[in-house]
Amino acid sequence: MCRYNSLPFGSLLGGTHQTCTSPTPVAACFLKSIHPGNQVILDLHTHSVKSDDGRAKVENYCQWIRSKNLPIDGLVLTEHRQYDMDSDYSKLASKFDLIILKASEVETEYGHVLVYGVSPDLTRAFDFASINLPLEMVVETSSQHGAVAVPCHPGRKRVGMFAHTEELGVPKGVRIVEIYNGGSRDNEDQIAITNAKEFGYLGIGGSDSHIVSHVGRCGTKFANKISDMNDLVEALRSEEFEAVSFKN
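Reminder that position 238 of the sequence shown reads as 238 in this note's numbering, one-by-one numbering, no gaps.
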């Protein structure tokens, strides 16, 4: 049975912070309630062998999700400093009845940023391989090209946005940050939640998995069906989602 606690982050979003006993997820509730019959849960932050530090094949992710009966409907591959134009995962998606989408994780002076809705034009607008992109430019340019940029693991030292706001100031244009990250240590997620409240950001969740067994540790619950990246971008812009954590 779930118990609902009135925490600051929930009140920021017009809802509550939900703490549940295992295996029910912890959920940071956002704006609109999600009807169980329509909901889709996606792991919005994963890495495959296409990333330089990834050790998981996409098919193995799919096998793990199904063999462990994980409560997610799919995943988004956010490969480091690139957008994987070439890989086609449609056959795997059909075989395992999973949603498999592609995005990117780029690097800025504020830390790492997930970019959803990458197009060929966007890959030409800035250098995805750069390790010191201006965050405000990434956010603005992504938006101009129909994409959404989301700082990830913002509570982490060095590679998280909130590690730099005191020195660099609060960046303009950020609307969403990742508040649940499957690879977070110590109080990194709590730092993300506390600062998201302070700055008025919405939050998503993702496992940040680099090995198969870490997929699905965190995710994002959406109110409506997500079939492709256009649906995902629209859902993020519509603010109809919740960050969920399945970590013990």
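Quick reminder that beta carbons are idealized off the backbone N, C-alpha and C, glycines included.
Can you tell me the Cα-Cα spacing of residue i and residue j, whole angstroms?
| i | j | result |
| --- | --- | --- |
| residue 186 | residue 192 | 12 Å |
| residue 198 | residue 204 | 16 Å |
| residue 233 | residue 167 | 31 Å |
| residue 230 | residue 208 | 22 Å |
| residue 29 | residue 214 | Confidence at residue 29 is low in this model, with a pLDDT of 38, below 50, so its placement is unreliable and no value can be given for it. |
| residue 210 | residue 239 | 27 Å |
| residue 178 | residue 152 | 5 Å |
| residue 134 | residue 110 | 8 Å |
| residue 175 | residue 200 | 8 Å |
| residue 169 | residue 129 | 25 Å |
| residue 41 | residue 73 | 5 Å |
| residue 8 | residue 86 | With a pLDDT of 31 at residue 8, under the threshold of 50, the modelled position of that residue is not reliable, and the figure given next carries that caveat. If you take the alpha carbons of residue 8 and residue 86, they lie about 43 Å apart. |
| residue 61 | residue 171 | 34 Å |
| residue 223 | residue 38 | 6 Å |
| residue 50 | residue 84 | 8 Å |
| residue 33 | residue 202 | Caution is warranted here: a pLDDT of 44 is assigned to residue 33, below 50, making its placement in the model unreliable, and no coordinate value can be reported. |
| residue 137 | residue 127 | 11 Å |
| residue 228 | residue 47 | 18 Å |
| residue 251 | residue 102 | Not covered by the structure: residue 251. The range shown for the chain is 1 to 248. |
| residue 226 | residue 235 | 8 Å |
| residue 139 | residue 65 | 32 Å |
| residue 43 | residue 114 | 13 Å |
| residue 243 | residue 173 | 20 Å |
Which one or two residues does DSSP pair with residue i in a beta bridge?
| i | result |
| --- | --- |
| residue 176 | 202 |
| residue 53 | Residue 53 is not bridged to any residue. |
| residue 171 | None, per the DSSP bridge assignment. |
| residue 163 | Paired residue(s): none; residue 163 is not in a bridge. |
| residue 120 | Paired residues: none, contrary to the question. |
| residue 80 | 105 |
| residue 133 | 108 |
| residue 114 | 105, 150 |
| residue 181 | 206 |
Between the options, which lies nearest to residue i when the distance is taken from Cα to Cα?
| i | options | result |
| --- | --- | --- |
| residue 68 | 216, 161, 248, 223 | 216 |
| residue 206 | 75, 225, 88 | 75 |
| residue 96 | 154, 63, 244 | 63 |
| residue 106 | 188, 116, 100 | 116 |
| residue 237 | 146, 245, 44, 49 | 146 |
| residue 53 | 81, 222, 39 | 81 |
| residue 220 | 201, 49, 241, 113 | 241 |
| residue 184 | 248, 90, 38, 39 | 248 |
| residue 57 | 100, 127, 196 | 100 |
| residue 125 | 114, 112, 113, 143 | 143 |
| residue 263 | 98, 169, 130 | With the chain covering 1 to 248 only, the question about residue 263 has no answer from this structure. |
| residue 45 | 195, 218, 228, 189 | 218 |
| residue 112 | 90, 42, 154, 93 | 154 |
| residue 132 | 149, 227, 108 | 108 |
| residue 164 | 137, 138, 148, 195 | 195 |
| residue 89 | 244, 180, 59 | 59 |
| residue 212 | 182, 243, 190, 189 | 182 |
| residue 162 | 189, 245, 92, 91 | 189 |
Would you please state the rounded distance, in angstroms, between the beta carbons of residue i and residue j? I believe it to be under 8 Å.
| i | j | result |
| --- | --- | --- |
| residue 141 | residue 104 | Not a contact, Cβ separation roughly 13 Å. |
| residue 245 | residue 180 | 4 Å |
Inset, instruction - Pair every Cβ in the region 120–132 with every Cβ in the region 155–162, then say whether three or more of these pairs are closer than 8 Å. - result: Flag = no, the region 120–132 and the region 155–162 do not touch.
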